[in-house]
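K.L.:
Take 529 as the starting number for the sequence shown in this note's numbering and just add one per residue.
Virtual Cβ for every residue (Gly too), placed ideally from N, Cα, C.
As the structure is a prediction and not an experimental result, all values here were calculated from the model.
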Amino acid sequence: MNILNNENEDPQFVLLSEKNKDEFLVWCLTQLWDDNLELNDEFLNYYMELKINEWIEQNHPWLYCYTCIIDEFKTQQQNEENKKKIKEEEEAKREKEKMRPTDQNKRRELFAKKFETIFNKLN
Numbered sequence: 529m530n531i532l533n534n535e536n537e538d539p540q541f542v543l544l545s546e547k548n549k550d551e552f553l554v555w556c557l558t559q560l561w562d563d564n565l566e567l568n569d570e571f572l573n574y575y576m577e578l579k580i581n582e583w584i585e586q587n588h589p590w591l592y593c594y595t596c597i598i599d600e601f602k603t604q605q606q607n608e609e610n611k612k613k614i615k616e617e618e619e620a621k622r623e624k625e626k627m628r629p630t631d632q633n634k635r636r637e638l639f640a641k642k643f644e645t646i647f648n649k650l651n
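1. Kindly confirm or deny that the stretch 583–592 and the stretch 606–624 touch, where touching means at least three C-beta pairs closer than 8 Å.
2. I'd like the span of the alpha helix (DSSP H) that includes Leu-557, first residue to last.
3. So is Leu-578 buried or exposed if we call it buried at 16+ other beta carbons inside 10 Å?
4. Under three-state DSSP, which class holds Leu-543?
5. Cβ of Leu-591 within 7 Å of Cβ of Gln-559?
6. Could you name the residues that DSSP lists as bridge partners for Pro-629?
7. Since Glu-600 and Tyr-575 should fall inside the 8 Å C-beta cutoff, what is the C-beta to C-beta distance between them, to a whole number of angstroms?
8. Starting from Ile-572 and walking both ways along the alpha helix (DSSP H), at which residues does that stretch end?
9. Of the choices Leu-553, Cys-593, Ile-598 and Lys-612, whose alpha-carbon is the least far from that of Asn-564?
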């Protein structure tokens, strides 16, 4: 489905304006669907509302706007993955702390073993 008026029109040269704003939205959603990107509708709506007027004022081409959406989506995904990784590391750290023995003699043995390994590595 070609939304552009002319087959030769390239999205990197079509400037976003108030007149073609709706066509851009349809084209953008079609591109996202063609690229098999699972964008959160809430994210997409929020980001488009936030940026579309700015893009129109600055006369950005369609392809630039689409690239901005993809970049922001990937940044958001990466941030979520980083948060998830940090949370998993914190949980692993807590699990390790829970595994520490509470008996005084066992703790002394563990400290002695740890000191031995450090001492052996240095020599």
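P.N.:
According to the data block:
1. Judged by pairs of C-beta atoms under 8 Å, the stretch 583–592 does not touch the stretch 606–624, as fewer than three such pairs exist.
2. First-last of the alpha helix (DSSP H) with Leu-557: 549–562.
3. Of the residues assessed, Leu-578 falls on the exposed side of the cut-off, its CB having fewer than 16 other CB atoms within 10 angstroms.
4. Three-state result, Leu-543: strand.
5. Taking a C-beta distance under 7 Å as the contact criterion, Leu-591 and Gln-559 do not qualify as a contact pair.
6. Paired residues: none, contrary to the question.
7. Cβ atoms of Glu-600 and Tyr-575 come within 8 Å of each other, at about 6 Å.
8. Residue 572 is actually Leu in this sequence, not Ile. Run containing Leu-572: 569–585, per the alpha helix (DSSP H) assignment.
9. Among Leu-553, Cys-593, Ile-598 and Lys-612, the Cα nearest to that of Asn-564 belongs to Ile-598.
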